[in-house]
Amino acid sequence: MSAPPVPVEILRLGSAHLDEIESIERRAYPTPWSRTMFTGELAKPTSRCLGAFDVHSGRLAGYVIASRYVDAWHIMNVCVDPDRQGHGIARVLLERLFALADSDGRQGYTLEVRVSNDRAIRLYEQLGFVNRGIRRAYYTDNREDAIVMWRDEPDDSDAP
Ligand SMILES: CC(C)(COP(=O)(O)OP(=O)(O)OC[C@H]1O[C@@H](n2cnc3c(N)ncnc32)[C@H](O)[C@@H]1OP(=O)(O)O)[C@@H](O)C(=O)NCCC(=O)NCCS
Numbered sequence: 781m782s783a784p785p786v787p788v789e790i791l792r793l794g795s796a797h798l799d800e801i802e803s804i805e806r807r808a809y810p811t812p813w814s815r816t817m818f819t820g821e822l823a824k825p826t827s828r829c830l831g832a833f834d835v836h837s838g839r840l841a842g843y844v845i846a847s848r849y850v851d852a853w854h855i856m857n858v859c860v861d862p863d864r865q866g867h868g869i870a871r872v873l874l875e876r877l878f879a880l881a882d883s884d885g886r887q888g889y890t891l892e893v894r895v896s897n898d899r900a901i902r903l904y905e906q907l908g909f910v911n912r913g914i915r916r917a918y919y920t921d922n923r924e925d926a927i928v929m930w931r932d933e934p935d936d937s938d939a940p
């Protein structure tokens, strides 16, 4: 069980947040996204980029980046500051994404996750994602396999 939720405010991310995003990303991942990748996602009209901000300090605590392709949302990045993990922040971010994206009439969500990332897999399963297959050697840094997960998969999706 995570610790009780901390008070965070969920807001759309913009380029003014890039320094904080980059700081969290570099501390949370062994192979972080570049600033250019975030800049590209933030600029796309088909993306939803949400940040969880500490209501007391105003500091960014975590973010989710999702992009819409045809009839599904691809969750590209979910990340929480290592100092703030285990307090329900990722869950709140994803639940807000589902609420926003559902109002857009799009029902499916998909993502890839490293087979070794037990914490993230557990989170996604608790939020209704199911394992729909493996992409072999998907991650170029260590050739690790990815699990492909779907939530509310559209009937006509190209899922395996
Ligand atoms: C995966 C990650 C986003 C989870 O963020 P978080 O804010 O700590 O997650 P939450 O506190 O919302 O936890 C939700 C669920 O995740 C799982 N979880 C969270 N912390 C966990 C831990 N220390 N051990 C095991 N499971 C854990 C649990 O299922 C938890 O639900 P529960 O509290 O009901 O048991 C975060 O660990 C992270 O940023 N990791 C590095 C980046 C990454 O790997 N992102 C995913 C890429 S696919």
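Throughout, the numbering used here is defined as the position within the sequence shown, counted from one, plus 780.
Backbone N, C-alpha and C define an ideal beta-carbon position, used for all residues, glycine too.
| Item | Value |
| --- | --- |
| Residue nearest to residue 874 in terms of C-alpha spacing, selected from 933, 820, 925 and 829 | 829 |
| Residue of 819, 847, 808 and 843 minimising C-alpha distance to residue 827 | 847 |
| Residue 889 burial status per 10 Å Cβ neighbour count (16 or more: buried) | buried |
| Same chain, Cβ closer than 8 Å to residue 855, five either side skipped, listed in chain order | 844, 845, 846, 874, 877, 889, 890 and 891 |
| 7 Å CB neighbourhood of residue 925 in its chain, flanking five on each side removed | 895, 914, 915, 916, 917 and 918 |
| Distance CB(residue 801)-CB(residue 793) smaller than 8 Å | yes |
| Beta-ladder partner(s) of residue 847, from DSSP | 827 and 854 |
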